[in-house]
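Trainee: I am attaching a structure below and will ask some questions about it afterwards.
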Amino acid sequence: DAGVTQSPTHLIKTRGQHVTLRCSPISGHKSVSWYQQVLGQGPQFIFQYYEKEERGRGNFPDRFSARQFPNYSSELNVNALLLGDSALYLCASSLDTGSGANVLTFGAGSRLTVL
Amino acid sequence: AQSVTQLGSHVSVSEGALVLLRCNYSSSVPPYLFWYVQYPNQGLQLLLKYTTGATLVKGINGFEAEFKKSETSFHLTKPSAHMSDAAEYFCAVSVAGTASKLTFGTGTRLQVTL
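Here the protein sequences line up with chains F and R, keeping their order.
Position one of the first sequence corresponds to residue 136 (our numbering), numbered consecutively onward.
Position one of the second sequence corresponds to residue 96 (our numbering), numbered consecutively onward.
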């Protein structure tokens with residue numbers, strides 16, 4: 136079975152540009168979460184979507200946005216990129232929402248470098 | 096709000112030695128606790144989780160962790176380290192109703208030497 140797939144795996148952007156990252160969840164998983172992992176730190180929660188609706192948002196500026204499509208895949212968009220946005224962006228999927236006991240399955244991530 | 100503190104950003108053990116990675120949490124409500132492992136250039140893989148019930152939790156690859164409420168700890172152990180255990184380990188906490196929001200610690204890099 137395919138796991139959580141993310142694209143692109145690596146990308147380089149310059150300050151002020153926009154980026155779109157994509158995620159396909161495990162088949163049957165309706166919940167998708169996004170995390171930012173800056174080098175040397177633990178992942179930080181950005182968004183969670185369930186059944187195409189936002190169910191949670193972390194402490195990130197409005198430059199960060201996301202959406203979930205009818206097939207449960209998801210996009211993370213970041214506008215007006217800053218150097219500090221350089222990070223590994225992880226997508227995770229799970230079966231349901233509402234339970235803190237959800238087991239999240241993570242993808243390999245998209246590594247964004249902002250120059 | 097919940098938080099996690101991982102003591103020791105780097106831990107080095109000899110192959111065959113005991114592995115002990117420390118995690119302390121803070122939560123005003125009963126927590127759910129997780130350990131994830133991250134190999135270079137990969138995503139996170141779940142090692143084990145504690146939700147309710149038995150406080151000693153066994154995971155994959157011979158790892159286990161014990162939930163100690165009185166000490167607010169969830170330390171990860173493995174009796175005998177293997178070279179393939181070298182990786183970054185993250186402790187994480189969530190609570191009921193937080194919609195898949197995990198709060199991670201800063202991670203502990205485990206080095207295994209011959």
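Just so you know, even glycine gets a beta-carbon here, dropped at the ideal spot from N, CA and C.
For clarity, every value in this text was computed on a predicted model and none was experimentally measured.
Quick one: is R:Gln-206 buried, meaning 16 or more other Cβ sit within 10 Å of its Cβ, or exposed?
Mentor: Classification of R:Gln-206: exposed, given that the 10 Å Cβ count is below 16.
Trainee: Please state the DSSP three-state secondary structure of F:Gly-191.
Mentor: Residue state, collapsed to three classes: strand.
Trainee: Judging by CA-CA distance, which residue of R:Tyr-145, R:Met-178 and R:Thr-208 is the nearest neighbour of R:Asn-156?
Mentor: Cα-wise, what sits closest to R:Asn-156 is R:Met-178.
Trainee: Our contact map puts R:Arg-204 next to R:Ser-104 with C-beta atoms below 8 Å; I'd like the distance itself, whole angstroms only.
Mentor: Yes, R:Arg-204 and R:Ser-104 are in contact; Cβ-Cβ is about 7 Å, under 8 Å.
Trainee: Can you look up F:Ile-181 in the DSSP assignment and give me helix, strand or coil?
Mentor: Three-state DSSP puts F:Ile-181 in a strand.
Trainee: Who are the near neighbours of R:Ala-181 in its chain, counting only those whose CB is closer than 8 Å to its CB and skipping five residues on each side?
Mentor: Within the same chain, R:Ala-181 has close Cβ partners Leu-205, Gln-206 and Val-207.
Trainee: Distance check for R:Phe-185 and R:Thr-201, CA to CA, integer angstroms please.
Mentor: Distance between the alpha carbons of R:Thr-201 and R:Phe-185 is about 7 Å.
Trainee: For R:Gln-137, go through chain F and note every residue whose CB falls closer than 7 Å to its CB, in chain order.
Mentor: Ordered by position in chain F, the residues that pass the 7 Å Cβ test against R:Gln-137 are Ala-243.
Trainee: Give, in chain order, every unbroken run of the alpha helix (DSSP H) that is at least 4 residues long and sits entirely within the region 114-158 of chain R.
Mentor: If we require 4 residues or more, the region 114-158 of chain R turns out to have no alpha helix (DSSP H) run fully inside it.
Trainee: Check each residue of the region 165-179 of chain F: if its Cβ is closer than 7 Å to any Cβ of chain R, include it; give the result in chain order.
Mentor: Listed in sequence order: Ser-166, Ser-168, Gln-176, Gly-177 and Pro-178.
Trainee: Run down chain F in chain order and give the residues with a C-beta less than 9 Å from the C-beta of R:Leu-141.
Mentor: Those are Val-238, Leu-239, Thr-240 and Phe-241, listed as they occur along chain F.
Trainee: Contact criterion: CB-CB distance below 8 Å. Does F:Ser-159 meet it with respect to chain R?
Mentor: Answer no: the Cβ-Cβ gap between F:Ser-159 and chain R never drops below 8 Å.
Trainee: Leaving out five residues before and five after R:Ser-165 in sequence, what residues of the same chain have Cβ atoms less than 8 Å from its Cβ?
Mentor: Closer than 8 Å at Cβ, skipping near neighbours: no residue.
Trainee: Using a beta-carbon distance below 8 Å, is R:Ser-195 in contact with chain F?
Mentor: Yes - at least one Cβ of chain F is within 8 Å of the one on R:Ser-195.
Trainee: If the cut is a Cβ gap below 8 Å, which residues of chain R does F:Ser-229 touch?
Mentor: Near F:Ser-229 (Cβ distances below 8 Å), the residues of chain R are Ser-195.
Trainee: Tell me, which residues are paired with F:Ser-229 by DSSP?
Mentor: DSSP lists F:Ser-166 as partners of F:Ser-229.
Trainee: Taking Cβ positions, are F:Val-213 and F:Val-154 nearer each other than 8 Å?
Mentor: Taking 8 Å as the Cβ cut-off, F:Val-213 and F:Val-154 qualify as a contacting pair.
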